[in-house]
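Numbering (my numbering), first residue to last: 164 to 546.
All C-beta atoms in this analysis are idealised placements derived from N, C-alpha and C, irrespective of residue type, glycine included.
One structure is given here, and the rest of the page talks about it.
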Amino acid sequence: MYTPLRTLWVLTSMLVISCTVVGQSSTSRDKLTSKGYWIHPKAEEIPGLKTGPFVRLGNGDILTVEGNKSCISKDEGKTWTVYPIFADSNRFDIRIERALIRTKEGVIILAFASDKEKANWNWQNDIADSPGATIPTYAVRSLDDGKTWQPPQKLHDEWTGANRDIIETKDGNIIISSMMMRHNPGHHTVVTYTSKTNGFSWVRSNVIDLGGVGHHSGVTEATIEQLRDGRIWMLMRTNWGVFWEAYSNNEGLTWKNFKPTKIDASSAPGLLQRLKSGRLFLVWNRANPEGQSSYRMSGGDGISSEVPHSNNREELSVMFSDDDGQTWTIPVVIARITEKSKIKNLAYPRVFEAKPGEIWITTTYAGFAGELSIKLNEKDFLH
Numbered sequence: 164m165y166t167p168l169r170t171l172w173v174l175t176s177m178l179v180i181s182c183t184v185v186g187q188s189s190t191s192r193d194k195l196t197s198k199g200y201w202i203h204p205k206a207e208e209i210p211g212l213k214t215g216p217f218v219r220l221g222n223g224d225i226l227t228v229e230g231n232k233s234c235i236s237k238d239e240g241k242t243w244t245v246y247p248i249f250a251d252s253n254r255f256d257i258r259i260e261r262a263l264i265r266t267k268e269g270v271i272i273l274a275f276a277s278d279k280e281k282a283n284w285n286w287q288n289d290i291a292d293s294p295g296a297t298i299p300t301y302a303v304r305s306l307d308d309g310k311t312w313q314p315p316q317k318l319h320d321e322w323t324g325a326n327r328d329i330i331e332t333k334d335g336n337i338i339i340s341s342m343m344m345r346h347n348p349g350h351h352t353v354v355t356y357t358s359k360t361n362g363f364s365w366v367r368s369n370v371i372d373l374g375g376v377g378h379h380s381g382v383t384e385a386t387i388e389q390l391r392d393g394r395i396w397m398l399m400r401t402n403w404g405v406f407w408e409a410y411s412n413n414e415g416l417t418w419k420n421f422k423p424t425k426i427d428a429s430s431a432p433g434l435l436q437r438l439k440s441g442r443l444f445l446v447w448n449r450a451n452p453e454g455q456s457s458y459r460m461s462g463g464d465g466i467s468s469e470v471p472h473s474n475n476r477e478e479l480s481v482m483f484s485d486d487d488g489q490t491w492t493i494p495v496v497i498a499r500i501t502e503k504s505k506i507k508n509l510a511y512p513r514v515f516e517a518k519p520g521e522i523w524i525t526t527t528y529a530g531f532a533g534e535l536s537i538k539l540n541e542k543d544f545l546h
């Protein structure tokens with residue numbers, strides 16, 4: 164049900180986000196990537212890098228996942244050796260949105276939805292739903308740094324838009340952020356899974372369901388990080404002009420205190436990460452392009468969503484916090500589309516701190532979220 168609190172917040176947001184803006188053009192002095200994206204003068208392209216996510220192995224190598232393979236690089240992503248993840252690759256098809264971690268005990272855990280089992284997607288506008296839609300979510304782990312993998316464990320059958328994030332807490336517990344579609348009417352919800360056994364077994368949290376009507380409605384694609392006081396902080400993608408937040412006091416088993424943040428955001432996911440410096444780092448799509456007070460609106464028809472919203476994916480911004488998200492540095496645009504960009508999107512960012520203070524940012528895949536692979540130094544963006 165669409166609550167009065169969210170209605171008030173959406174109406175307020177709509178006063179700010181309401182019109183159309185043309186993407187910014189490039190000039191001869193702009194720093195462009197090989198794919199035609201403008202990037203910040205202090206950012207640097209990493210040509211040919213895989214899309215991630217990435218983890219650093221015990222011997223210093225880098226591991227990522229592509230298709231149904233784990234890929235290991237000994238030369239910082241220039242070349243890769245591949246290993247199969249499944250004994251029978253025909254049973255699974257790892258969705259491009261996935262989450263990857265190497266725990267303190269050296270266990271690699273991958274959370275993914277399997278497109279091979281995608282079924283019953285038949286959105287019906289008259290009932291605002293797709294009854295019985297499924298894309299199951301799994302977790303699979305490796306005990307030898309990605310060379311061999313144990314059989315995957317199914318976490319749920321419900322339609323999963325994305326498995327967006329995974330963290331290890333100070334107590335050594337692993338938390339995955341995932342999603343479940345709900346029906347009558349169709350909308351999305353967020354759920355997490357916690358493992359106290361390095362991914363051997365999992366416990367599901369309460370489902371965060373804030374209502375919505377439409378195939379891109381509700382709360383979705385959450386990013387999570389542990390605060391210094393031990394709580395887990397969650398930022399959720401919404402259609403309501405800002406990220407909404409939730410907190411867990413028990414390692415992700417229970418979520419509460421759902422409310423809007425003051426972080427303006429497009430209807431697109433962000434990525435929150437604790438850096439080696441101790442700062443929090445956020446990369447995301449703001450509601451409006453830099454220097455603009457509005458952006459063209461999408462939805463509001465009860466088909467994609469029940470409210471009009473910004474779907475700005477023309478640029479990515481970053482900011483840092485020294486006090487666990489209470490205050491932030493001024494947002495800085497690190498990349499934006501130009502007339503030379505073949506793919507007119509920059510979204511679904513992934514973050515990898517390759518070494519202390521060196522941050523790699525990639526966007527998920529070409530046809531949907533752009534073709535960005537850059538690195539920047541934390542110290543250059545703290546002024």
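Worksheet item: Which residues in the same chain as glycine 324 place their Cβ atom closer than 7 Å to its Cβ, once the five residues preceding and following it in sequence are excluded?
Response: Here glycine 324 has Met342, His351, Thr383 and Glu384 as same chain residues with Cβ atoms under 7 Å from its own Cβ, once five neighbours each way along the sequence are excluded.
Worksheet item: Where does alanine 302 sit, in a helix, a strand or coil, going by DSSP?
Response: Strand.
Worksheet item: When you compare only the Cα positions, how much space is there between arginine 459 and valine 376?
Response: Distance from the CA of arginine 459 to the CA of valine 376, rounded to the nearest whole angstrom, comes to 20 Å.
Practice prompt. Report back the beta-carbon spacing between alanine 206 and isoleucine 500 to the nearest angstrom; my notes put them in contact at under 8 Å.
Written response: That pair is no contact at about 15 Å.
Fill in: Same chain, Cβ closer than 6 Å to arginine 265, neighbours up to 5 away in sequence not counted
Only Val218 and Ile271 meet the Cβ criterion.
Worksheet item: Comparing alpha-carbon positions, which option in Tyr246, Gly240, Pro432 and Ala291 lies nearest asparagine 326?
Response: Nearest of Tyr246, Gly240, Pro432 and Ala291 to asparagine 326, Cα basis: Pro432.
Item to complete: Check glycine 586 in the structure and name its three-state DSSP category.
Response: Residue numbering for the chain in the displayed model covers 164 to 546; residue 586 lies beyond these limits and cannot be assessed.
Item to complete: With a 10 Å radius around its C-beta and 16 neighbouring C-beta atoms as the bar for buried, classify glutamate 477 as buried or exposed.
Response: For glutamate 477, the number of other beta carbons within 10 angstroms of its own is at least 16, and it is reported as buried.
Item to complete: Ignore the nearest five residues each way along the sequence and tell me which others in glutamate 149's own chain have a CB closer than 7 Å to its CB.
Response: The structure shown has nothing for residue 149, since the chain only spans 164 to 546.
Worksheet entry | Neighbour-count burial assignment, serine 456, 16 or more Cβ in a 10 Å radius | Answer is exposed; the Cβ neighbour count stays below 16.
Discussion item. Just to check my reading of the structure: glutamate 541 and leucine 438 have Cβ atoms closer than 8 Å, yes? What is that Cβ distance to the nearest angstrom?
Written reply: Rounded, the Cβ-Cβ distance is 6 Å, consistent with contact.
Discussion item. I'd like to confirm the pairing. Which residues does DSSP put opposite glutamine 389 in its beta bridges?
Written reply: Under DSSP, the beta-bridge partners assigned to glutamine 389 are Ile395.
Fill in: Cβ pair phenylalanine 255, asparagine 231 closer than 8 Å
Asparagine 231 sits close to phenylalanine 255, with the two beta carbons spaced by under 8 Å.
Worksheet item: With which residues is leucine 539 paired in a DSSP beta bridge?
Response: In DSSP, leucine 539 forms a bridge with Ile522.
Discussion item. Lysine 425 and valine 446 - do their beta-carbons sit closer together than 8 Å?
Written reply: No; because the gap between Cβ atoms is not below 8 Å, this pair is not in contact.
Worksheet item: Going by DSSP, which residues form a beta bridge with histidine 350?
Response: In DSSP, histidine 350 forms a bridge with Arg345.
Item to complete: Tell me where the beta strand (DSSP E) around serine 233 begins and ends.
Response: Where serine 233 is concerned, the enclosing beta strand (DSSP E) stretches over 232-236.
Worksheet item: Three-state secondary structure (DSSP) at threonine 527?
Response: Secondary structure at threonine 527: coil, using DSSP grouped into helix, strand and coil.
Item to complete: Consult DSSP for aspartate 278 and reduce its assignment to one of helix, strand or coil.
Response: Helix, per DSSP.
Discussion item. To the nearest angstrom, how far is the alpha carbon of threonine 355 from that of serine 340?
Written reply: Rounded to whole angstroms, the separation of the alpha carbons of serine 340 and threonine 355 is 5 Å.
Practice prompt. Check alanine 532 in the structure and name its three-state DSSP category.
Written response: If DSSP states are grouped into helix, strand and coil, alanine 532 belongs with the helices.
Worksheet item: Which ranges does the alpha helix (DSSP H) cover as unbroken runs of at least 4 residues, wholly within the segment 295-340, from first to last along the chain?
Response: Segments of the alpha helix (DSSP H) lying fully in the segment 295-340: there are none.
Worksheet item: Roughly how many angstroms separate the alpha carbons of leucine 373 and histidine 379, rounded to a whole number?
Response: Taking the straight line joining both Cα atoms gives about 13 Å.
Practice prompt. Let me know the secondary structure DSSP gives phenylalanine 363 once reduced to three states.
Written response: Coil, per DSSP.
Worksheet item: Quick one: what does DSSP say threonine 166 is sitting in, helix, strand or coil?
Response: Only weak support exists for where threonine 166 lies, its pLDDT of 46 falling under 50; the value from the coordinates is given anyway. In the structure shown, threonine 166 sits in coil (DSSP, three-state: anything other than H, G, I, E or B).
Worksheet entry | CA nearest to the CA of aspartate 328, picked from Ala517, Leu273 and Leu416 | Closest in C-alpha terms to aspartate 328, from the list Ala517, Leu273 and Leu416, comes Leu273.
Worksheet item: Taking three-plus beta-carbon pairs below 8 Å as touching, is the segment 485-493 in contact with the segment 502-511?
Response: Contact between the segment 485-493 and the segment 502-511 is absent, because fewer than three Cβ pairs lie under 8 Å.
Practice prompt. Return yes when the Cβ of serine 236 is within less than 8 Å of the Cβ of threonine 242, no when it is not.
Written response: Contact: yes.
Worksheet item: So leucine 416 packs on valine 366, CB below 8 Å; how close in whole Å?
Response: Cβ-Cβ separation between leucine 416 and valine 366: approximately 6 Å, consistent with a contact (criterion under 8 Å).
Fill in: Where phenylalanine 544 falls: helix, strand or coil (DSSP)
Taken through DSSP and simplified to helix, strand or coil, phenylalanine 544 comes out as helix.
Item to complete: Would you list, in sequence order, the uninterrupted beta strand (DSSP E) runs of no fewer than 3 residues that lie entirely inside the segment 398-452?
Response: Runs found: 405-411, 419-427, 434-437 and 443-447.
Discussion item. Within a Cβ cutoff of 6 Å, which residues of the same chain sit near cysteine 182, ignoring the five residues on either side of it in sequence?
Written reply: Note on cysteine 182: pLDDT 31, under 50, position unreliable in the model; the coordinate value appears next. Spatial neighbours of cysteine 182 in its own chain (CB-CB distance under 6 Å, excluding positions within 5 residues in sequence) are listed in chain order as Ser457.
Fill in: Delimiting residues of the beta strand (DSSP E) encompassing valine 228
If you look at valine 228, you'll find it in the beta strand (DSSP E) that goes 225-229.
Worksheet item: By Cβ distance below 6 Å, which residues in the same chain neighbour glutamate 534 in space, the five residues on each side in sequence not counted?
Response: The residues are Lys198 and Ile506.
Fill in: Cβ-based burial, serine 473 [other Cβ within 10 Å; buried from 16]
So serine 473 ends up on the buried side.
Worksheet item: How would you call aspartate 308, buried or exposed, if buried means at least 16 neighbouring beta carbons within 10 angstroms?
Response: Looking at its Cβ environment, which holds 16 or more other Cβ atoms inside 10 Å, aspartate 308 is buried.
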